[in-house]
Amino acid sequence: MRESLMKNRSLLSLSIVLFSLFILLTFTYELPFFQAIDLYLMEGIPSLRLDWVTSIMFFLAWLGSVKVIAVLTLCLIVLLVWRERSLSPVVIPAVVMGGTAVLNNLSKQLINRARPDFLPLLDQPGFSFPSGHTMAAVSLCGVIIYLVYLHMKHSVARVVVIITFIGIPILMGVSRIYLGVHFFTDIVGGMLLSVSWLLFSVVIVNQFILKKV
Numbered sequence: 006m007r008e009s010l011m012k013n014r015s016l017l018s019l020s021i022v023l024f025s026l027f028i029l030l031t032f033t034y035e036l037p038f039f040q041a042i043d044l045y046l047m048e049g050i051p052s053l054r055l056d057w058v059t060s061i062m063f064f065l066a067w068l069g070s071v072k073v074i075a076v077l078t079l080c081l082i083v084l085l086v087w088r089e090r091s092l093s094p095v096v097i098p099a100v101v102m103g104g105t106a107v108l109n110n111l112s113k114q115l116i117n118r119a120r121p122d123f124l125p126l127l128d129q130p131g132f133s134f135p136s137g138h139t140m141a142a143v144s145l146c147g148v149i150i151y152l153v154y155l156h157m158k159h160s161v162a163r164v165v166v167i168i169t170f171i172g173i174p175i176l177m178g179v180s181r182i183y184l185g186v187h188f189f190t191d192i193v194g195g196m197l198l199s200v201s202w203l204l205f206s207v208v209i210v211n212q213f214i215l216k217k218v
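Below you can see the structure in the form of structure tokens.
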């Protein structure tokens with residue numbers, strides 16, 4: 006009991022730190038230091054584009070779209086219900102993914118950052134900060150990592166799966182810069198906010214919701 010409480014406090018503390026960094030970034034991404042990084046990547050990417058790489062990046066754009074993420078989340082929930090014969094395991098994915106969508110839309114409307122215009126390969130509507138594709142990928146993959154950590158006992162397989170699902174959001178972030186629809190700081194902001202929300206959700210759901218189910 007004491008160990009569980011300490012772990013929850015550590016996760017909650019990390020969540021607060023990451024959220025604080027996200028808030029800090031929202032007020033500082035226009036500073037010369039961050040602008041230099043954003044512009045360097047945006048201006049350099051077009052010269053690195055290759056047809057086969059672009060095809061992969063378009064696939065990642067499709068994979069991170071709202072409809073596909075919604076379908077993947079629903080599939081995960083159905084799988085959990087079928088495996089556990091209970092609704093309890095679906096609470097965390099439902100809370101994490103639903104909250105991620107709300108936080109992303111709310112943040113974009115409040116911050117109102119325009120998208121980059123350095124030869125984008127996609128016509129992407131809406132605001133830029135934070136990256137919605139990145140947030141969705143981080144949250145969904147984070148939920149999967151959490152479930153794998155809890156239920157997969159084979160250590161080697163567990164490590165492989167965890168590394169794989171850490172890599173997917175990173176690739177998603179790279180794809181958004183490559184396609185010219187997000188700045189680097191949009192990606193960092195999305196990762197900070199989604200990981201913060203993921204950790205917060207895990208603590209709150211486990212501590213206050215699942216204990217009552």
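Numbering (the numbering used here), first residue to last: 6 to 218. Beta carbons: idealized from backbone N, C-alpha and C, even for Gly.
| Asked | Found |
| --- | --- |
| Ser133 (DSSP reduced to helix, strand or coil) | coil |
| Option in Leu145, Leu184, Arg120 and Val71 with minimal Cα separation from Ser206 | Leu145 |
| DSSP-derived helix/strand/coil call for Asp128 | coil |
| Arg181 versus Asn13 - alpha carbon distance | 33 Å |
| Residue of Val200, His159, Tyr183 and Ser160 minimising C-alpha distance to Ile171 | Val200 |
| Cα-Cα separation, Val218 to Leu197 | Only weak support exists for where Val218 lies, its pLDDT of 49 falling under 50; the value from the coordinates is given anyway. Distance between the alpha carbons of Val218 and Leu197: 30 Å. |
| Contact set for Thr190: own chain, Cβ-Cβ below 8 Å, skip 5 residues either direction | Leu30, Tyr34, Phe39, Ile42, Asp43 and Phe134 |
| Coil, strand or helix - Lys113 by DSSP | helix |
| Terminal residues of the alpha helix (DSSP H) in which Phe205 lies | Phe189 to Ile209 |
| Ranges of the alpha helix (DSSP H) found wholly within the stretch 30-114, counting only runs of at least 4 | 37-49, 56-68 and 71-89 |
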